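Student: According to the numbering used here, the sequence shown holds residues 28 to 212 in order.
Structure below; questions to follow.
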Amino acid sequence: MAVEGDLFRQVLGSFPAGVTVVTAVDADDSPKGLTSTAVTSVSASPPLLLVCVDRTSNTLPAIEHSQAFVVNFLAAGEEWLALRFASKAPDKFSGLSWTRSEVAAGAPVLSDHVVAHAECVVTERIEAGDHIIFIGQIEHGVVREGVPLMFFRHEFAPWPFRGDERQAIGPVSELLLVGAVDRQG
């Protein structure tokens, strides 16, 4: 017998996750987006990641129409943006600076608010309970300086990473990069 919804959320909420905003454009070429922690790498060759989208999301039709999306990995301090895209507000992009992806059907890239972004084309759509899983091939990505915004036990959580630890990690961090990723300072 499956666990109840509250226990499910408590168990999964105990796993720290990076906070992302997944974006796409709809049939009217309007930008859409949602906040998600349900993003993970799938494969390095080819470079694939997956996102899980609630069937009731206003962004779902945009991803299905465009067959592309951008995963914007939010930087620490961008809690307000995560909350905006978690809402049902009609114009989540109002007042935001963003650019259109050249390889992900014009999906919004939120460069001023992220530590990285991945521009993807949909390779597979999987129905899974109350969500749709999209597997996307990363066509372009950028990594920037900064630390990520994290979520743990139903609240935003600080990232304990300190700059001096980067040297101790060394080349291992290079193994974690997927696909064709540019580094920007």
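Note that beta-carbon positions come from the ideal geometry of N, C-alpha and C, so glycine has one too.
On a predicted model such as this, the values are computed, not experimentally measured, just so you know.
Rounding to the nearest angstrom, what Cα-Cα distance links Pro88 and Val80 in this structure?
Tutor: Approximately 10 Å between the Cα atoms of the pair.
Student: What separation, rounded to the nearest whole angstrom, lies between the Cα atoms of Ser93 and Val142?
Tutor: Cα to Cα, Ser93 sits roughly 25 Å from Val142.
Student: Can you tell me which of Gly45, Glu151, Ser128, Thr50 puts its alpha carbon nearest to the alpha carbon of Phe112?
Tutor: When each option's Cα is compared against that of Phe112, the closest is Thr50.
Student: Whole angstroms are fine: how far does the CA of His140 sit from the CA of Glu105?
Tutor: Approximately 7 Å between the Cα atoms of the pair.
Student: Note down the Cα distance separating Val148 from Glu129, rounded to an integer number of angstroms.
Tutor: Taking the straight line from one Cα to the other gives about 11 Å.
Student: Quick one: using the 10 Å Cβ neighbour count with 16 as the cut-off for buried, is Met28 buried or exposed?
Tutor: Flag for Met28 reads exposed.
Student: Hey, would you say Pro175 sits closer than 8 Å to Ala103, going by beta carbons?
Tutor: Yes, the Cβ-Cβ distance between Pro175 and Ala103 is below 8 Å.
Student: To which residues of the same chain is Thr150 closer than 6 Å at the C-beta, ignoring the five residues directly before and after it?
Tutor: Excluding residues within five positions, the ones whose Cβ falls inside 6 Å are Ile162, Gln164.
Student: DSSP state of Leu87, grouped into three classes?
Tutor: Here Leu87 sits in helix by DSSP.
Student: Express the C-alpha separation of Thr126 and Val97 in angstroms, rounding to a whole number.
Tutor: Roughly 11 Å between the two C-alpha positions.
Student: Are the Cβ atoms of Asn99 and Val52 separated by less than 8 Å?
Tutor: Going by C-beta atoms, Asn99 is not nearer than 8 Å to Val52.
Student: Per DSSP, Leu77 is paired with what?
Tutor: BP columns for Leu77 point to Thr67, Ile162.
Student: Excluding the 5 residues flanking Pro135 on each side, which residues of the same chain have their C-beta closer than 6 Å to its C-beta?
Tutor: Closer than 6 Å at Cβ, skipping near neighbours: Thr50, Pro58, Trp125.
Student: Within 10 Å of its beta-carbon, does Glu172 have 16 or more other beta-carbons around it, so buried, or fewer, so exposed?
Tutor: Glu172 should be labelled exposed.
Student: Using the Cα positions of Ala131 and Leu108, report the straight-line distance between them to the nearest angstrom.
Tutor: Roughly 21 Å separates the two Cα atoms.
Student: What are the start and end residues of the alpha helix (DSSP H) that includes Arg111?
Tutor: Note, Arg111: alpha helix (DSSP H), 106 to 113.
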